[in-house]
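In the numbering used here, the protein residues as written are 700 to 919.
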């Protein structure tokens, strides 16, 4: 809940620092935060990270990640050097397309790919890549198309099955409430045929429930 007192860039920077330098490294969370943000949001976030924690975000990423996953994160932050030869041809192509294209252009590429090959770009990514590198590419692609749909799925996954992922719930609620929460709620309802607020009410309790519902908004 302390995240809420920070500005948006401060929230993202704090989540990233905790994910990269906490007792347990959480690369999925770090990847989601980086790959779901716009270039302007990333620029402010990097500056805030440096100011708050006394080091560059890129340095912490380099220390905690490796291989293609590291390269996609650094590329998305604007540090990829096209002259490097240590990445395979397919990986280089994915990194270039996914980090140099605008969101609108990437959606157009995905549509053209579907038309040309009768197969979605997402399915190709799932079959041709693995691990956190795959997760980063898929996050970029899904957020390029419909960020609200992506975060509706994150919230649903956080609450389904046994137990609730409180970290994911609070992360999405706090960082998206001022961005696109009303669209996330609509996507959640369309996809899962239920109310996001009702799901949160069912899966949480006490002051924590009250706080989350104040961010998400109760049903009228």
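Where a beta carbon is used, it is the ideal one built from N, C-alpha and C, also for glycine. For clarity, every value in this text was computed on a predicted model and none was experimentally measured.
Span separating the alpha-carbon of residue i from that of residue j
| i | j | result |
| --- | --- | --- |
| residue 773 | residue 757 | 7 Å |
| residue 889 | residue 815 | 29 Å |
| residue 802 | residue 893 | 29 Å |
| residue 777 | residue 828 | 21 Å |
| residue 863 | residue 748 | 29 Å |
| residue 795 | residue 833 | 14 Å |
| residue 851 | residue 857 | 10 Å |
Classification of residue i by the beta-carbon crowding that lies within 10 angstroms, buried from 16 upward
| i | result |
| --- | --- |
| residue 767 | buried |
| residue 817 | exposed |
| residue 905 | exposed |
| residue 872 | buried |
| residue 735 | buried |
| residue 771 | buried |
| residue 909 | exposed |
| residue 784 | At residue 784 the pLDDT is 42, less than 50, meaning the model places this residue with poor confidence; the figure from the coordinates comes in the next sentence. The residue is exposed, with fewer than 16 neighbouring Cβ atoms inside 10 Å. |
Close Cβ partners of residue i (< 7 Å) along its chain, the five nearest in sequence each way excluded
| i | result |
| --- | --- |
| residue 896 | 912, 915, 916, 917 and 918 |
| residue 812 | 820 |
| residue 789 | 827 |
Contacts around residue i, its chain only, beta-carbon distance under 8 Å, and the 5 residues preceding and following it disregarded
| i | result |
| --- | --- |
| residue 840 | 797, 805, 809, 820, 821 and 824 |
| residue 751 | 709, 712, 713 and 716 |
Spatially closest choice to residue i from the options, by CA coordinates
| i | options | result |
| --- | --- | --- |
| residue 728 | 877, 831 and 909 | 831 |
| residue 835 | 702, 732 and 722 | 732 |
| residue 707 | 859, 720, 742 and 730 | 742 |
| residue 901 | 789, 859, 876 and 867 | 859 |
| residue 740 | 721, 775 and 762 | 775 |
| residue 643 | 702, 868, 754 and 789 | Residue coverage of the chain in this structure runs from 700 to 919, which leaves residue 643 outside it and unanswerable. |
Spatial neighbours of residue i in its chain, beta-carbon cut-off 6 Å, leaving aside the 5 residues before and after
| i | result |
| --- | --- |
| residue 725 | 718 |
| residue 847 | 879, 882, 883 and 886 |
| residue 874 | 710 |
| residue 800 | none |
Helix, strand or coil at residue i [DSSP, three-state]
| i | result |
| --- | --- |
| residue 705 | coil |
| residue 877 | coil |
| residue 739 | helix |
| residue 784 | Residue placement at residue 784 is poorly supported in this model, since its pLDDT is 42, which falls under 50; the coordinates still yield a value, given next. Here residue 784 sits in coil by DSSP. |
| residue 908 | helix |
| residue 892 | coil |
| residue 754 | coil |
| residue 856 | helix |
| residue 790 | helix |
| residue 777 | coil |
| residue 861 | coil |
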